[in-house]
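To start, the structure under review is shown below, and the notes come after it.
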Amino acid sequence: MANNELLEKIRHSVSHVMAEAVLQMFPSAQIAIGPSIDNGFYYDFDLPRPLKQEDLEEITERMRDIMREGKPFERAVVSRSEAEKLFRDQTYKLELIRAIPEDEDVSIYTQGAFTDLCRGPHVESTKQLNAQAFKLLSIAGAYWRGKETNPMLTRIYGTAWESPKELRLYLKHLEDIEKRDHRKLGRELDLFSLHEEAGPGLVYWHPKGMRVRLAIEDFWRDAHYRNGYDMVASPHVGKAWLWDTSGHLDFYKEGMYPPMVMDKADYYVKPMNCPFHIMIYNNTKHSYRELPYRWAELGTVYRYEKAGVLHGLLRVRGFTQDDAHIICTPEQMEDEILEVLRFSLYMLRSFGFEEIKAYLSTRPEESVGTEEKWTSAAESLRRAIEREGLSYEVDEGGGAFYGPKIDLKIKDALGREWQLTTIQFDFNLPERFNMVFVDKDGKEKQPYMVHRALLGSLERFFGVLLEHYAGAFPPWLAPEQARIIPVAAPFESYARDVADVLTARGFRVKADLGDDRMNAKIRNAQQEKIPYMLIVGEREEADRTVAVRMRSGTQENGIALEAFAQMLAEQVEQKTR
RNA sequence: GCCAAAAUAGCUCAGCGGUAGAGCAACGCACUCGUAAUGCGUAGGUCGUGGGUUCAAUUCCCACUUUUGGCUCCA
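If you read the first sequence in this note's numbering, its first letter stands for residue 5, the second for the next number, and so on.
This is the structure in structure tokens:
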């Protein structure tokens, strides 16, 4: 969506108009902040009572009235004391005024009866706002300045555009997003479920969803073996000793499920796989000749996520990371980073994600590891990004305390960004677990350890993929690749024959032999978003062909069964969409 | 965790102080049919859980659970 200066002015101005309308209704309301945001605006209020949906209608009407009056937005620069006097009843505004740096002007904007502390800019007059091109969307709670310890304010979100037409397009876009919601598609296509009574945030994979997941996993394992990784598997629980040593009980305890007691020892379900992989490493002594190790595991971990943040497959409490740890010598580190980034991009592109952006996070204030290690690690991350020609942003000080990292975000079919890949250095665990290798000079040295997940978690990745394809998976991922539909009962045996042939070739197909009419069978297959419908009747049976109907609606008749099988095999191999 | 809203059949939803209703799906029967729904019938619900108010609660009130939208966009 375009986001030019005019739109920003419009949105910010509409938010002021909304604040004026809210103050008309609730003269005692405290107003906080009301910026423009992507696609719209919000304003935070401290109100005498909670808002109802109907209130939004009244606010909307009042806003339209204000816009019709056509009052100018007037800017004025005032002194601090004037500002404080002006907003003496507005505690949040007073706090904001005090936070303005000394060398900055304090400006106010007035339209009609409403004056707000504001940096601007705004449109010149409320006349320039189109009374039919905005919509108040939702009411939400938001902490003052986003801090949990601060009071909870009432936030009204809205969207605003130059013209009613643009508003309609945007609302349509929101509908598209809703239609693609992976939770909805997951239910409609019978892919997965969640069960509140059996535990929130825990995913149940149904047969069809599992088919897709296994297609992803099979490709993932194969790609990892081809790219120099080995597979390991580790337990789901570990004794407190492990988590004490790793530091998780000190730093991550609130993210872990509470302990289980057995034989007088505390066992914790794993929130991460790393300590286990280190146990494997520390099982024996290692020479520099053996490094690097690249150990991968589809490791299922459990983390306590706050109840309010759970969201379908995208935020869950139990998930399977496509995890791997690279353990290498300092000399190998640069090449390993470059390689892992290259491999990440290959994986993401294989799934149809072409727009990829990198985010580099560097050393935060509190951190472990030497300055030298941080610098060399961050620099090799940066060089790897640049060599791959990725656009990137740097988040200074945004790294974890244990090391710098690269995150990769992809853009999906609707232009939304999702973080999938993370590549993180870890200077903490090698130290805590006393990991060593014997170098050329016969001395024990500490290896570098890199933690990486390319798809992130299978659950989240599956959710993103589902929305990206709107449920219409490409043939190589589709749970059912082709549905064989006889035009009438007499051709059921040929339909079964076709299904047997294709099943024997390793394809995922089903013959629809129910007593529905053909039209209904096509409709069902269409709604299940199956890539191919093979329609068979007298003609097809006679010359061993199939009529191939694609879910796009286009069709090719009289395709030899063998030719179809070859085409499908090729599409699966090439991962064609 | 916090704010707000919601929870009725497998799904989508209606109802609302007098012990529940539709469409789709499911199941049964009939129908021999060439590109997005053949017709008829049957079954399915302690109205999220617990408590309260009431002669009577799915409906009103309270608590809990879960779900949804937010809690990062800085005057």
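Each residue gets a CB set at the ideal place from its N, CA and C atoms; glycine is no exception. Model, not experiment: these values are computed from the prediction.
{"Asked": "Does DSSP put Lys151 in a helix, in a strand, or in coil?", "Found": "coil"}
{"Asked": "How big is the Cα-Cα spacing for Val502 and Leu565?", "Found": "8 Å"}
{"Asked": "Can you give the Cα-Cα distance for Glu61 and Leu140, rounded to whole angstroms?", "Found": "8 Å"}
{"Asked": "Could you pull out every unbroken alpha helix (DSSP H) segment of at least 4 residues lying fully inside the region 494-560, listed in chain order?", "Found": "496-508, 522-531, 542-547"}
{"Asked": "For Ala482, count neighbouring Cβ atoms within 10 angstroms of its own Cβ and tell me buried if that reaches 16, exposed if not.", "Found": "buried"}
{"Asked": "Do Lys415 and Leu359 have their beta-carbon atoms positioned less than 8 Å apart in this structure?", "Found": "Checking the sequence, you will find Glu at residue 359 rather than Leu. Closer than 8 Å, so yes."}
{"Asked": "With distance defined between alpha-carbon atoms, name the residue in Val552, Glu12, Lys377, Tyr473 nearest to Arg184.", "Found": "Tyr473"}
{"Asked": "With distances taken Cα to Cα, identify the nearest neighbour of Asp586 among Arg548, Leu100, His281.", "Found": "With the chain covering 5 to 581 only, the question about residue 586 has no answer from this structure."}
{"Asked": "Just the Cα atoms here: how many angstroms apart are Val442 and Ala417?", "Found": "49 Å"}
{"Asked": "Could you compute how far the alpha carbon of Arg79 sits from the alpha carbon of Glu421?", "Found": "37 Å"}
{"Asked": "Where does the unbroken beta strand (DSSP E) through Met453 begin, and where does it stop?", "Found": "452-461"}
{"Asked": "Specify the secondary structure class of Phe568 as computed by DSSP and reduced to three states.", "Found": "helix"}
{"Asked": "For the alpha helix (DSSP H) holding Pro105, just list the boundary residues, first then last.", "Found": "Unbroken run through Pro105: none, as it is neither H nor E."}
{"Asked": "Under a Cβ-count criterion, where at least 16 other Cβ atoms within 10 Å of its own Cβ denotes burial, should Thr425 be classed as buried or exposed?", "Found": "buried"}
{"Asked": "In chain order, what residues of the same chain lie with their CB nearer than 8 Å to the CB of Ile37, ignoring the 5 residues before and after it?", "Found": "Tyr47, Asp48, Tyr96, Leu100"}
{"Asked": "Can you name the residues that DSSP bridges to Pro76?", "Found": "Ser129"}
{"Asked": "Provide the residue span of the beta strand (DSSP E) that contains Thr114, from first to last.", "Found": "110-115"}
{"Asked": "With DSSP as the reference, identify every bridge partner of Thr163, one or two as the case may be.", "Found": "Gly44, Lys139"}
{"Asked": "Going by C-alpha distance, which of Asn8, Ala244, Trp299, Phe255 is nearest Tyr229?", "Found": "Trp299"}
{"Asked": "Tell me the rounded alpha-carbon separation between Tyr308 and Trp224.", "Found": "27 Å"}
{"Asked": "Can you list, in chain order, the residues of its chain with a C-beta nearer than 6 Å to that of Leu253? Leave out the 5 residues immediately preceding and following it.", "Found": "Trp247"}
{"Asked": "With a floor of 3 residues, list each beta strand (DSSP E) that falls wholly inside the region 324-368, ordered by position along the chain.", "Found": "360-365"}
{"Asked": "Which value, in whole angstroms, describes the spacing of the CA atoms of Pro408 and Val398?", "Found": "11 Å"}
{"Asked": "Would DSSP call Val273 helix, strand or coil?", "Found": "strand"}
{"Asked": "Just the Cα atoms here: how many angstroms apart are Ser250 and Ala404?", "Found": "15 Å"}
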